[in-house]
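>
Protein chains: 2
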Amino acid sequence: MTASPTPTAALAFAHHDHAHCVGEVLARAEAASLARGARLTPVRRRTLEILLESHRAMGAYDMLDRLAAEGFGKQPPVAYRALDFLVEQGFAHRINRLNAFTACIHPGEDHAAAFLICRACNAVAEAPAARVRAALDAAGAEIGFTVERATVEALGLCPTCRTAA
Amino acid sequence: MTASPTPTAALAFAHHDHAHCVGEVLARAEAASLARGARLTPVRRRTLEILLESHRAMGAYDMLDRLAAEGFGKQPPVAYRALDFLVEQGFAHRINRLNAFTACIHPGEDHAAAFLICRACNAVAEAPAARVRAALDAAGAEIGFTVERATVEALGLCPTCRTAA
DNA sequence: CAAGAGATGTAATATCGCAACATATGGACT
DNA sequence: AGTCCATATGTTGCGATATTACATCTCTTG
Chain A
1 MTASPTPTAA
11 LAFAHHDHAH
21 CVGEVLARAE
31 AASLARGARL
41 TPVRRRTLEI
51 LLESHRAMGA
61 YDMLDRLAAE
71 GFGKQPPVAY
81 RALDFLVEQG
91 FAHRINRLNA
101 FTACIHPGED
111 HAAAFLICRA
121 CNAVAEAPAA
131 RVRAALDAAG
141 AEIGFTVERA
151 TVEALGLCPT
161 CRTAA
Chain B
166 MTASPTPTAA
176 LAFAHHDHAH
186 CVGEVLARAE
196 AASLARGARL
206 TPVRRRTLEI
216 LLESHRAMGA
226 YDMLDRLAAE
236 GFGKQPPVAY
246 RALDFLVEQG
256 FAHRINRLNA
266 FTACIHPGED
276 HAAAFLICRA
286 CNAVAEAPAA
296 RVRAALDAAG
306 AEIGFTVERA
316 TVEALGLCPT
326 CRTAA
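Quick note, the sequences are listed as chains A and B, same order.
Per the numbering used here: the first sequence ends with 165, consecutive numbering throughout.
Per the numbering used here: the second sequence ends with 330, consecutive numbering throughout.
(1) Reducing DSSP to helix, strand and coil, say where Ile260 (chain B) ends up.
(2) Please state whether DSSP places Ile105 (chain A) in a helix, a strand or coil.
(3) Hey, does Cys104 (chain A) have any beta-carbon neighbour from chain B nearer than 7 Å?
(4) When you compare the CB positions of Ala197 (chain B) and Thr267 (chain B), do they come within less than 7 Å of one another, or not?
(5) Mapping DSSP to helix, strand and coil, what is Glu153 (chain A)?
(6) List the residues that DSSP assigns as beta-bridge partners of Met58 (chain A).
(7) Does the Cβ of Ala120 (chain A) have 16 or more other Cβ atoms within 10 Å, making it buried, or fewer, making it exposed?
(8) Evaluate Gly236 (chain B) with the Cβ neighbour count: other Cβ atoms within 10 Å of its Cβ, from every protein chain shown; 16 or more gives buried, anything less gives exposed.
(9) Along chain A, which residues have their Cβ under 7 Å away from the Cβ of Thr311 (chain B)?
(10) Which residue marks the beginning of the beta strand (DSSP E) containing Phe115 (chain A), and which one marks its end?
(11) Under 8 Å, CB to CB, which of the residues in the stretch 289-303 of chain B have a partner in chain A?
(12) Does Leu191 (chain B) come within less than 7 Å of chain A when only Cβ atoms are used?
(13) Thr311 (chain B) to Ala304 (chain B), Cα distance in whole Å?
(14) Would you kindly work out how many angstroms separate the C-alpha atoms of Arg262 (chain B) and Ala279 (chain B), rounded to a whole number?
(15) Given a threshold of 16 other Cβ atoms within 10 Å of its Cβ, counted over all protein chains shown, does Pro272 (chain B) qualify as buried or as exposed?
(16) Using the rule of at least 16 other Cβ atoms within 10 Å of the residue's Cβ for burial, across every protein chain shown, is His185 (chain B) buried or exposed?
(17) Are Ala112 (chain A) and Ala129 (chain A) close, meaning C-beta to C-beta below 7 Å?
(18) Report buried or exposed for Ala69 (chain A), applying the criterion of at least 16 other Cβ atoms within 10 angstroms of its Cβ.
(19) Go through its chain and collect everything with a Cβ distance to Gly217 (chain B)'s Cβ below 8 Å, but skip five positions before and after it.
(20) When you compare the CB of Val87 (chain A) with every CB in chain B, is at least one pair closer than 7 Å?
(21) Could you compute how far the alpha carbon of Ser4 (chain A) sits from the alpha carbon of Tyr80 (chain A)?
(22) Of the residues B:Phe256, B:Tyr226, B:Ala200, which one's Cα is nearest the Cα of Arg209 (chain B)?
(23) Based on the DSSP secondary-structure assignment, which residues constitute the bridge partners of Glu126 (chain A)?
(24) Could you say which of B:Pro241, B:Gln240, B:Tyr226 lies nearest to Ala265 (chain B) if we only look at CA atoms?
(25) According to DSSP, simplified to helix, strand and coil, what is Glu70 (chain A)?
(26) Would you say Pro172 (chain B) faces chain A, with C-beta separation under 7 Å as the test?
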């Protein structure tokens, strides 16, 4: 199984300015790294860039192929380390259900995200999830559990595939 | 990495009647299978029983070891098929973050569940998540996405580990 | 410049999960 | 009963995913 969706699968269902995603988000990541003292090194930066350009969920090994083709290391840890860094910094998300990663659309912000995965076309959208997170915090609080990080992934039908069916 | 938590990791943080979990839940699963025309065969039944007895998240290969030791098949599909059946029927849940499975505490009911995973002791609790689910449905609806199944997994600190720290 | 921390690269291997196929089991129907 | 069919079980073998361990390099700091 290849973790990444079909090549035509768009990340978000709604239209948006793609150049904005790549340029602006990259700039923000750079600023945030600087501010935090984190090092956005060439591999890491390029990894984020590829994630942003591809604009869909990518498996670690897909990323590794891309990186290797550009002269970076050829072994799995190269991709995993770069991706882990991006996730730690909040520049990317890991989607467990797909064993894949996506760039974060709004790094540095609020940062409770939910992923909506279309089971028909594999497209993945990142939805704001402040309310979902609040409900989860409340559910945890009831039994004394402190929620630190949450993974929220929904499987269903995107607008396009829904009307098609 | 072994997917299963430490042996001492309890499934739920709150106390509860363990015999109840095993006996009653198993009986319910049996009734539900009968009603639905699903076949709770020996491997499947035993798999659920082991899940209930162990009372924590178990990896598929851990389950395979148990099953093989009891005379069932020794190959991975044996465990995966039984576990998949249980998940399909709503008798168990898959926890993606841990590559593991747990028995469902209240099969047949409402059935929107969230998992609270303690990052210190690896204990896993299943929390009712009707509200979380409602918020997620709403977030999806805003962009026309229909949520069918949701995976909600929170990482944090359980009451015990929290006070210990 | 020397020392230490962190980043990168590689090899080897562990772990997870599935497709494909053969065989057995249990009903439904003559 | 006997035949047929759907479903379940068991096996081989493989592919995909992920990590550990270790060597090397590169910054940064004193």
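All C-beta atoms, glycine included, are put in the ideal place defined by N, C-alpha and C.
By the coordinates alone:
(1) Counted from its first residue, the second sequence places residue 260 (chain B) at position 95. Note: Ile260 (chain B) maps to strand in three-state DSSP.
(2) One-based indexing of the first sequence puts residue 105 (chain A) at position 105. Coil.
(3) In the first sequence, counting from the first residue as 1, residue 104 (chain A) sits at position 104. At a cut-off of 7 Å between beta carbons, Cys104 (chain A) makes no contact with chain B.
(4) Working through the second sequence from its first residue, we reach residue 197 (chain B) at position 32. Working through the second sequence from its first residue, we reach residue 267 (chain B) at position 102. Taking 7 Å as the Cβ cut-off, Ala197 (chain B) and Thr267 (chain B) do not qualify as a contacting pair.
(5) As a working note, residue 153 (chain A) is residue 153 in the first sequence. Glu153 (chain A) sits in a strand when the DSSP states are folded into three classes.
(6) Numbered from its first residue, the first sequence carries residue 58 (chain A) at position 58. In DSSP, Met58 (chain A) forms a bridge with A:Phe101.
(7) As a position in the first sequence, residue 120 (chain A) is number 120, starting the count at 1. That one is exposed.
(8) Along the second sequence, one-based indexing puts residue 236 (chain B) at 71. The residue is exposed, with fewer than 16 neighbouring Cβ atoms inside 10 Å.
(9) Here residue 311 (chain B) refers to the residue found at position 146 when the second sequence is read from its first residue. Ordered by position in chain A, the residues that pass the 7 Å Cβ test against Thr311 (chain B) are Gly156, Leu157, Arg162.
(10) For the purposes of this step, residue 115 (chain A) is taken as the residue at position 115 of the first sequence. It spans 113-118 - the beta strand (DSSP E) in which Phe115 (chain A) sits, taken as one unbroken run.
(11) Ala290, Ala292, Pro293, Ala294, Arg296, Val297, Ala299, Ala300, Leu301, Ala303
(12) The residue given as residue 191 (chain B) occupies position 26 in the second sequence. No, no contact with chain A.
(13) Position 146 of the second sequence, counting from 1, holds the residue named residue 311 (chain B). Position 139 of the second sequence, counting from 1, holds the residue named residue 304 (chain B). Answer to the nearest angstrom: the Cα atoms are 10 Å apart.
(14) Here residue 262 (chain B) corresponds to residue number 97 of the second sequence, with the count starting at 1. Here residue 279 (chain B) corresponds to residue number 114 of the second sequence, with the count starting at 1. Roughly 12 Å between the two C-alpha positions.
(15) Taking the first residue of the second sequence as 1, we reach residue 272 (chain B) at position 107. Result: buried.
(16) In the second sequence, residue 185 (chain B) corresponds to position 20, counting from 1. By the neighbour-count rule (16 or more Cβ atoms within 10 Å), His185 (chain B) is not buried but exposed.
(17) One-based indexing of the first sequence puts residue 112 (chain A) at position 112. One-based indexing of the first sequence puts residue 129 (chain A) at position 129. Contact flag set, yes.
(18) Residue numbering aside, residue 69 (chain A) sits at position 69 when the first sequence is read from its first letter. So Ala69 (chain A) counts as exposed.
(19) Within the second sequence, numbered from 1, the residue matching residue 217 (chain B) stands at position 52. It should be noted that the sequence gives Leu, not Gly, for residue 217 (chain B). Correct list, in chain order: Cys186, Val187, Val190, Leu191, Ala268.
(20) Working through the first sequence from its first residue, we reach residue 87 (chain A) at position 87. Judged by the 7 Å Cβ criterion, Val87 (chain A) is not in contact with chain B.
(21) For the purposes of this step, residue 4 (chain A) is taken as the residue at position 4 of the first sequence. For the purposes of this step, residue 80 (chain A) is taken as the residue at position 80 of the first sequence. Confidence is the limiting factor: at Ser4 (chain A) the pLDDT is only 43, short of 50, which leaves the residue's position unreliable, though a coordinate-based value still follows. Going by the C-alpha atoms only, they are around 15 Å apart.
(22) Taking the first residue of the second sequence as 1, we reach residue 209 (chain B) at position 44. Of the listed residues, the one whose Cα sits closest to Arg209 (chain B) is B:Phe256.
(23) By 1-based counting over the first sequence, the position of residue 126 (chain A) is 126. Paired residues: A:Phe115.
(24) As a first step, residue 265 (chain B) must be located in the second sequence, where it is residue number 100. Checking every option, the nearest Cα to that of Ala265 (chain B) belongs to B:Tyr226.
(25) By 1-based counting over the first sequence, the position of residue 70 (chain A) is 70. Coil.
(26) If you number the second sequence from 1, residue 172 (chain B) lands on position 7. With a pLDDT of 36 at Pro172 (chain B), under the threshold of 50, the modelled position of that residue is not reliable, and no figure is offered here.
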